[in-house]
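Each protein sequence line maps, in turn, to chains A and B.
Numbering-wise, our numbering comes out as the position in the first sequence, counting from 1, plus 223.
Numbering-wise, our numbering comes out as the position in the second sequence, counting from 1, plus 223.
There are 2 protein chains.
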Amino acid sequence: MQPDQVSLTLSAIADPTRRAILVRLMDGEASVKELAAPFEMSIPAICKHLKVLEGAGLISRGRNAQLRPCRLEAAPLREAFDWIEEFSKFWDGSLNRLDGLLERLQSADGSGKKN
Amino acid sequence: MQPDQVSLTLSAIADPTRRAILVRLMDGEASVKELAAPFEMSIPAICKHLKVLEGAGLISRGRNAQLRPCRLEAAPLREAFDWIEEFSKFWDGSLNRLDGLLERLQSADGSGKKN
DNA sequence: CAGTTAGCTAACCAATCGGTTAGATAGTGG
DNA sequence: CCACTATCTAACCGATTGGTTAGCTAACTG
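Encoded structure:
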């Protein structure tokens with residue numbers, strides 16, 4: 224059973240090395256060697272991480288001479304972001320986020336629906 | 224090396240079963256048996272998932288007779304949410320391509336500090 | 001051309017993950 | 001006390017993960 228896109232995205236960014244790579248790519252394209260520089264692991268290890276990121280659609284690769292520059296593709300993050308956001312009314316404790324406020328207004332307005 | 228909290232949170236919610244459990248807990252507390260009901264896996268498998276969620280601080284457990292009710296603890300999600308949010312500017316527009324273009328123009332224009 | 005550089009694949013390894021079954025533990029209720 | 005219910009632990013298993021080294025391909029460079 225192949226995993227859904229949200230699972231793919233979340234497990235890709237669950238690794239700190241891969242998160243650091245994505246953060247680095249916010250500054251713009253980078254080659255594999257450039258991406259590998261800050262880490263103490265081998266280039267093939269970075270290649271594997273890049274493959275995971277590419278498999279999740281979080282980066283795309285170009286071609287420039289013998290370089291294969293990586294570019295950030297943030298679109299899949301949106302779905303993961305939206306999933307987590309559903310829980311925003313449960314942190315901060317007191318429903319003081321806009322979402323929670325709106326929900327309370329709605330349920331106060333309609334016929335006494337839920338608790 | 225123990226993983227940081229964000230990695231812990233993200234890998235906990237990278238699993239669809241665990242995400243479904245958290246969604247269920249938005250409706251309120253539930254026992255292990257109740258949480259296990261929608262799934263085709265054994266109770267011990269669910270126990271393991273709950274242990275992962277508890278280890279990430281995403282649920283807390285109570286005690287009520289022989290029941291060990293689970294309660295949603297959404298606070299750790301906020302950090303993960305905040306991390307992803309940093310990328311929001313890259314997913315709504317085609318801003319990232321413009322950004323990359325601008326950067327390439329800049330580095331072509333400025334001192335060739337590359338590679 | 002030969003040599004160097006960038007990147008990839010293959011094979012291997014230990015550790016972790018996600019599930020199982022079997023059995024232990026603890027609380028409830030006749 | 002006995003039986004039942006709910007939950008957890010232990011031991012095991014196959015698949016996946018995250019890393020390694022060795023060796024390959026492709027493109028630039030002198």
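The beta-carbon is built from N, C-alpha and C at its ideal position, and this holds for glycine as well.
Values in this document were obtained by computation on a predicted structure and should not be read as measured data.
Check: chain A beta carbons: is any one of them nearer than 8 Å to that of B/M264?
Finding: no
Check: When you check each C-beta in the segment 289-302 of chain B against every C-beta of chain A, which residues fall closer than 9 Å?
Finding: L295, E296, A297, A298, P299, L300 and R301
Notebook entry, point to check: Do you know how far the Cα of B/A235 is from the Cα of B/V275?
Noted result: 6 Å
Checklist line | For A/A203: DSSP bridge partner residues | finding: A query on residue 203 of chain A cannot be resolved here, the shown segment of chain A reaching from 224 to 338 and no further.
Margin query: Can you look up B/S265 in the DSSP assignment and give me helix, strand or coil?
Written below: coil
Notebook entry, point to check: Ends of the alpha helix (DSSP H) at B/R241?
Noted result: Where B/R241 is concerned, the enclosing alpha helix (DSSP H) stretches over P239 to L248.
Checklist line | N-terminal and C-terminal residue of the alpha helix (DSSP H) that B/R301 is part of | finding: A298 to E308
Item checked: Per DSSP, the bridge partner or partners of A/R284 -> The beta-bridge partner set that DSSP reports for A/R284 consists of A/C293.
Notebook entry, point to check: Is it right to say A/A268 is buried, meaning 16 or more other beta carbons lie within 10 angstroms of its own, or is it exposed?
Noted result: exposed
Check: When the Cβ atoms of the segment 284-301 of chain B are set against those of the segment 285-294 of chain A, are three or more pairs found closer than 8 Å?
Finding: no
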